[in-house]
Amino acid sequence: VSHTMQHWKIYQTWNERLFMEMYIAFKENRADKDPSEGWYAGELWFYDNYIIPLARKLDECRVFGVSSDECLNYAMENRKEWQAKGLSIVEEMV
872 VSHTMQHWKI YQTWNERLFM EMYIAFKENR ADKDPSEGWY AGELWFYDNY
922 IIPLARKLDE CRVFGVSSDE CLNYAMENRK EWQAKGLSIV EEMV
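Start counting the sequence shown at 872; every next residue gets the next number (the working numbering).
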């Protein structure tokens, strides 16, 4: 999950790799569900219910010292960017 709390390009790289792994498995009948159905909304849910709360806790406990707020900042920015661009990104990946 660390890619979700890093620079947008890093998040996007690993998000696409995971999506493609799951999409290829679906196309090859090794998975029952098409990940393109719900990927956009699923990422928003994941940010809202797991990543941002986790990043807040990391920031509160200052586990990374003076750079502890970076995880939260990147998570918030990536969520915002995904909300704006995610639908078209999913369309491009399919």
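We treat Cβ as the ideally placed atom computed from N, Cα and C, and that holds for glycine.
Quiz item: From which residue to which residue does the alpha helix (DSSP H) around P924 run?
Solution: Within the sequence shown, the letter at position 53 stands for residue 924. That run of the alpha helix (DSSP H) goes I923 to C932.
Exercise. Could you spell out the range, first to last residue, of the alpha helix (DSSP H) harbouring V937?
Key: Taking the first residue of the sequence shown as 1, we reach residue 937 at position 66. Looking at the DSSP string, V937 is not in any alpha helix (DSSP H), and its letter there is neither H nor E.
Quiz item: Nearest-angstrom Cα distance between E892 and S939?
Solution: Along the sequence shown, one-based indexing puts residue 892 at 21. Along the sequence shown, one-based indexing puts residue 939 at 68. Using only the alpha carbons, I get a separation of about 31 Å.
Exercise. Would you mind listing the beta strand (DSSP E) stretches within the stretch 896–921 that are 3+ residues and don't spill past its ends, in chain order?
Key: none
Quiz item: What number of angstroms, rounded off, separates the C-alpha of V1023 from the C-alpha of L915?
Solution: With the chain covering 872 to 965 only, the question about residue 1023 has no answer from this structure.
Quiz item: Grouping DSSP H, G and I as helix and E and B as strand, with all else coil, what is V872?
Solution: Stepping through the sequence shown from its first residue, residue 872 is reached at position 1. Of the three classes helix, strand and coil, the one that applies to V872 here is coil, per DSSP.
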